[in-house]
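Novice: Handing you this structure, nothing more for now.
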Amino acid sequence: MAIIPYDDRDGQIWFDGKLVPWREAKVHFLTHALHYGSGVFEGVRCYNGNIFKLNEHSQRMLDGCKMMDMKITYTIDQINQACIEAVRANNLTDAYLRPLAWRGPEQMGVAAQQTKIHLAVAAWDWPSYFSPEMREKGISIQTSRWRRPAPDMAPVTAKACGLYMICTLSKHEADRNGYTDALMHDYRGNVAELTGANIFMVKNGELHTPLTDCILNGITRLTVIDLARSLGYKVTERHIRPEELKDGNEFFATGTAAEVTPIGKIDDKTFAVGPITRRIREEYEKLVRAPVPAQQKAAAG
Ligand SMILES: Cc1ncc(COP(=O)(O)O)c(C=O)c1O
């Protein structure tokens with residue numbers, strides 16, 4: 080199926096404070112973020128007209144801007160409202176939202192203190208990051224040669240645009256080798272995360288997931304940890320060595336886009352999609368569709 084280019088669609092985008100026709104949401108070539116990766120973004124989902132964990136996503140965006148020394152003037156309420164308006168304006172009930180804060184063209188060069196921090200939010204219908212077949216059989220992941228850098232090498236816990244350079248390279252490499260996604264290790268060689276999702280290992284009925292000292296502390300990851308604990312599973316956040324993976328019973332990925340997706344293969348080793356993964360996935364699907372406070376309701380009216 081041909082992809083419709085993202086700049087050539089119908090609808091409206093919330094852009095610097097107002098809704099603009101989709102095709103007119105443009106930036107200038109000399110935008111700082113285009114040259115130096117000075118942007119922070121979010122990936123958010125709306126289910127049945129309710130934006131899931133909107134406040135957490137907006138807060139993470141503000142935290143990320145702070146880490147990037149980007150003095151954003153929007154408040155958390157304004158970011159939330161922008162997301163709600165982007166969903167409403169496009170008459171969506173189930174949607175993926177992409178808020179982005181970026182340094183504009185007001186100053187060019189490495190120094191960027193005079194740039195304005197812009198904000199835009201697009202929302203569109205994006206049912207599943209991985210195909211239904213992959214979600215059933217499990218995705219395959221290949222260890223990347225790129226590693227997540229140390230906290231003193233980059234603002235590693237921000238969802239900052241520049242950090243995705245190695246994710247794109249990893250993903251392309253995995254794709255060329257016939258895998259769905261890449262598994263990144265961190266600078267110490269520990270298991271880190273996928274290119275757009277966190278990873279969980281199930282071993283002897285317990286869940287293990289990497290610490291988040293140099294990876295994104297996914298909102299889905301946190302949701303799944305709470306969910307699993309409430310279901311009675313023990314969850315341990317710890318450093319995981321790659322050699323341990325062969326002894327895991329089940330693996331799954333978590334992310335706003337990926338939701339809960341089983342992993343059926345890591346490098347050469349295959350794993351069954353197990354009952355704990357299925358249960359967590361089912362409960363997660365129920366939870367995201369459960370009612371949330373009225374202020375987060377995105378459905379019109
Ligand atoms: C690199 C990376 N890790 C993990 C995640 C999962 O984060 P979340 O569950 O907040 O979407 C994402 C997706 O945003 C990501 O891009």
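For the sequence shown, counting from 1, position 300 maps to 379 in the working numbering; every step adds exactly one.
From the three backbone atoms N, C-alpha and C, an ideal C-beta is built for every residue, glycine too.
(1) With a cut-off of 7 Å, give the chain-ordered residues whose Cβ is closer than this to any heavy atom of ligand 1.
(2) Please report the Cβ distance between I278 and T335, rounded to the nearest whole angstrom; I am assuming they are in contact, meaning their Cβ atoms lie under 8 Å.
(3) Does the beta-carbon of A229 have 16 or more other beta-carbons within 10 angstroms, so that it is buried, or is it exposed?
(4) Here's the rule: buried if 16 or more other CB atoms are within 10 angstroms of the residue's CB, otherwise exposed. What is T454?
(5) When the Cα of E285 is compared with those of G268, I245 and E329, which residue comes out closest?
(6) Please check the pair D265 and R224, which I expect to be a contact at CB under 8 Å, by giving their CB distance rounded to whole angstroms.
(7) Spatial neighbours of H111 within its chain, please: CB distance less than 6 Å, with the 5 preceding and 5 following residues excluded, ordered by chain position.
(8) Does the beta-carbon of Y175 have 16 or more other beta-carbons within 10 angstroms, so that it is buried, or is it exposed?
(9) Quick test of the definition: if touching needs 3 or more C-beta pairs under 8 Å, does the region 213-223 touch the region 94-101?
(10) Between the C-alpha atoms of V155 and C162, what's the straight-line distance to the nearest angstrom?
(11) Beta-carbon within less than 6 Å of H197's beta-carbon, same chain only, minus the 5 sequence neighbours each way: which residues are those?
(12) Please list the terminal residues of the continuous alpha helix (DSSP H) segment that includes I294.
(13) Does K313 come out as helix, strand or coil in the three-state DSSP assignment?
(14) Count the other CB atoms within 10 Å of the CB of Q374; is the residue buried (16 or more) or exposed (fewer)?
(15) Can you tell me whether G327 is buried or exposed, with buried defined as 16 or more other CB within 10 angstroms of its CB?
(16) Pick from H287, V367 and G241: whose alpha carbon is nearest that of G143?
(17) Give every residue of the same chain whose Cβ lies closer than 6 Å to the Cβ of M187, excluding the five residues on either side of it in the sequence, and list them in chain order.
(18) Considering only residues of the same chain and omitting the five flanking positions on each side of L290, which have a CB-CB separation below 7 Å?
(19) Count the other C-beta atoms from every protein chain shown that fall within 10 angstroms of the C-beta of N159, then say buried if there are 16 or more, exposed otherwise.
(20) Please report how far the alpha carbon of M149 lies from the alpha carbon of V123, in whole angstroms.
(21) Should Y85 be labelled buried (16 or more other beta-carbon atoms within 10 Å of its own) or exposed?
(22) My output table needs one value for P234: the three-state DSSP class, helix, strand or coil.
(23) Which residues in the same chain have their Cβ closer than 7 Å to the Cβ of T333, if we skip the five residues on either side of it in sequence?
(24) What is the C-beta distance between K344 and K325, in whole angstroms, given that I count them as a contact (C-beta under 8 Å)?
(25) Buried or exposed for S249, please, with buried defined as at least 16 other CB atoms from any protein chain shown within 10 angstroms of its CB.
(26) If you check the beta carbons only, do P119 and A239 fall under 8 Å apart?
(27) Mind checking which residues open and close the beta strand (DSSP E) that includes C240?
Specialist: According to the structure shown:
(1) G122, K238, C246, E272, L273, T274, G275, A276, N277, I294, L295, G297, I298, T299, R300, T333, G334, T335 and A336
(2) Reading the sequence shown from its first residue, position 199 is the one you call residue 278. Reading the sequence shown from its first residue, position 256 is the one you call residue 335. Not a contact, Cβ separation roughly 15 Å.
(3) Stepping through the sequence shown from its first residue, residue 229 is reached at position 150. Exposed is the call here.
(4) In the structure as shown, the chain begins at 80 and stops at 380. Residue 454 is therefore absent and cannot be evaluated.
(5) The residue given as residue 285 occupies position 206 in the sequence shown. That would be E329, whose Cα lies nearest to the Cα of E285.
(6) Reading the sequence shown from its first residue, position 186 is the one you call residue 265. Reading the sequence shown from its first residue, position 145 is the one you call residue 224. That belief does not hold up - the Cβ atoms of D265 and R224 are roughly 13 Å apart, past 8 Å.
(7) Start at 1 with the first residue of the sequence shown, and residue 111 comes out as number 32. Around H111: S117, R182, A191 and T194.
(8) The count along the sequence shown starts at 1 and reaches residue 175 at position 96. With 16 or more other Cβ atoms within 10 Å, it is buried.
(9) no
(10) Taking the first residue of the sequence shown as 1, we reach residue 155 at position 76. Taking the first residue of the sequence shown as 1, we reach residue 162 at position 83. Note that residue 155 is Ile in the sequence shown here, rather than Val. Roughly 11 Å between the two C-alpha positions.
(11) As a first step, residue 197 must be located in the sequence shown, where it is residue number 118. Non-local beta-carbon contacts of H197 in its own chain, meaning distances under 6 Å to residues more than five positions away in sequence, involve D95, W181 and G183 in chain order.
(12) Here residue 294 is taken as the residue at index 215 of the sequence shown, counted from 1. No alpha helix (DSSP H) holds I294; DSSP gives it neither H nor E.
(13) For the purposes of this step, residue 313 is identified with residue 234 of the sequence shown, where counting begins at 1. Reduced to three states, the DSSP call for K313 is coil.
(14) By one-based count along the sequence shown, residue 374 stands at place 295. Because the pLDDT at Q374 is just 39, under 50, the model does not fix this residue reliably, and the value given afterwards should be weighed accordingly. Flag for Q374 reads exposed.
(15) The residue labelled residue 327 in the question sits at position 248 within the sequence shown. So G327 ends up on the buried side.
(16) Residue numbering aside, residue 143 sits at position 64 when the sequence shown is read from its first letter. The residue with the shortest Cα to Cα distance from G143 is G241.
(17) By one-based count along the sequence shown, residue 187 stands at place 108. Same-chain partners within the cutoff: L109.
(18) Indexing the sequence shown from 1 puts residue 290 at position 211. Same-chain partners within the cutoff: E316, R317 and H318.
(19) The count along the sequence shown starts at 1 and reaches residue 159 at position 80. N159 should be labelled buried.
(20) Position 70 of the sequence shown, counted from the start, is the residue given in the question as residue 149. Position 44 of the sequence shown, counted from the start, is the residue given in the question as residue 123. If you take the alpha carbons of M149 and V123, they lie about 21 Å apart.
(21) Position 6 of the sequence shown, counting from 1, holds the residue named residue 85. Looking at its Cβ environment, which holds fewer than 16 other Cβ atoms inside 10 Å, Y85 is exposed.
(22) Walking along the sequence shown from the start, residue 234 turns up at place 155. Residue state, collapsed to three classes: coil.
(23) On the sequence shown, position 254 is the one that residue 333 refers to. Within the same chain, A276, N277, F279, G297, T299, R300, V303 and V339 come within 7 Å of T333 by CB-CB distance, once the 5 residues on both sides are set aside.
(24) For the purposes of this step, residue 344 is taken as residue 265 along the sequence shown, with counting starting at 1. For the purposes of this step, residue 325 is taken as residue 246 along the sequence shown, with counting starting at 1. In fact, because the Cβ distance is near 12 Å, the residues do not count as touching under 8 Å.
(25) On the sequence shown, position 170 is the one that residue 249 refers to. Result: buried.
(26) Residue 119 sits at position 40 when you count from the first residue of the sequence shown. Residue 239 sits at position 160 when you count from the first residue of the sequence shown. The sequence given here places Val at residue 119; Pro does not occur at that position. For V119 and A239, yes; Cβs fall inside 8 Å.
(27) Taking the first residue of the sequence shown as 1, we reach residue 240 at position 161. Taken as a continuous stretch (DSSP letters only), C240 belongs to no beta strand (DSSP E), as it is neither H nor E.
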